[in-house]
Amino acid sequence: MGNIPNMLSRKRVGSALILIGVIGIGLSWVLFMREPKPPKIALHPGSVSIEHAPSSVKLKPEETAQYSVPPSNPKYIAIPSIGIQNTPVLKLGLLKSGAIAAPGNIYEAGWYDGSALPGQNGATFIYGHVSSWSANGIFYDLKKVGVGDTIVITRGDSTTYTYKVSAIKTYPYNSVNMREVLSPIHNTQPGLNLMTCTGKIIQGTSEFSERLVVFSSLIATR
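Residue numbering for the sequence shown follows this note's numbering, starting at 16 and increasing by one per position.
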């Protein structure tokens, strides 16, 4: 009879642990279900007319020099290995569809404002066109970038961030892993990920069959 209280105590403890476990699983499921899905990249509709294609008017040198953004925002991008120097970076938001907008000019890159600012934890995501109907875009030669190459982002306050390319991946145009694309390639370092179209034109459309993503990590700030 002296052991009954101990047995009851063990039962109570066991029941409490089971209850805590069930609550924990329930909370984990709720948090999982509430985790927002990452946005997609806006795809061109089935066939884009020349009238609705991105602009191919180049900025004049003085316009590029006078371009300004808030101090912490990316202002220019440079990729020395493919000849890109101080190209303006525009701010991109989300379309009504929930997809990330594309730059309106083939010679300008676009920073998705839902991604990290340069130097912040996470990944800065920049998107650019490969071409238009009649000209090569800012990221036409992105396919030539190699692991070990550097990319430089200049912020609005003239601070520069140098990133080193760590990986290059391609995805089918309609199944890009945006959670991966919007994350740093190395969790311990701020990242910079660039995307453009690649592959072949899908017959009967103006859509490229793949997306090319260059993953890089921060190595220097000045």
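Beta carbons are placed, not taken as given, at the ideal position from N, Cα and C, and that holds for glycine.
- Residue burial annotation: THR102 is buried, with at least 16 other C-beta atoms found within 10 angstroms of its C-beta.
- With 16 or more other Cβ atoms from the protein chains shown falling within 10 Å of its own Cβ, SER232 counts as buried.
- The Cβ neighbour count for VAL162, taken over all protein chains shown within 10 Å, is under 16; the residue is labelled exposed.
- Distance from the CA of SER87 to the CA of PHE223, rounded to the nearest whole angstrom, comes to 33 Å.
- Of all C-beta pairs linking the region 127-142 to the region 106-118, three or more are shorter than 8 Å, placing the two stretches in contact.
- By the neighbour-count criterion, in which 16 or more other beta carbons inside 10 Å mark a residue as buried, SER198 falls on the buried side.
- Less than 9 Å separates the beta-carbon of ASP164 from that of PRO95.
- Per DSSP, PHE154 has no beta bridge partner at all.
- DSSP places ALA80 inside the alpha helix (DSSP H), whose first and last residues are 76-81.
- The Cβ-Cβ distance between THR79 and TYR176 does not fall below 9 Å.
- Here DSSP, grouped into helix, strand and coil, assigns VAL180 to strand.
- Between THR213 and PHE230, the alpha-carbon positions lie close to 16 Å from each other.
- Judged by beta-carbon spacing, ILE115 lies beyond the 9 Å limit of LEU209, meaning their Cβ atoms are not closer than that value.
- 9 Å or more divides the Cβ of PRO205 from the Cβ of GLY125.
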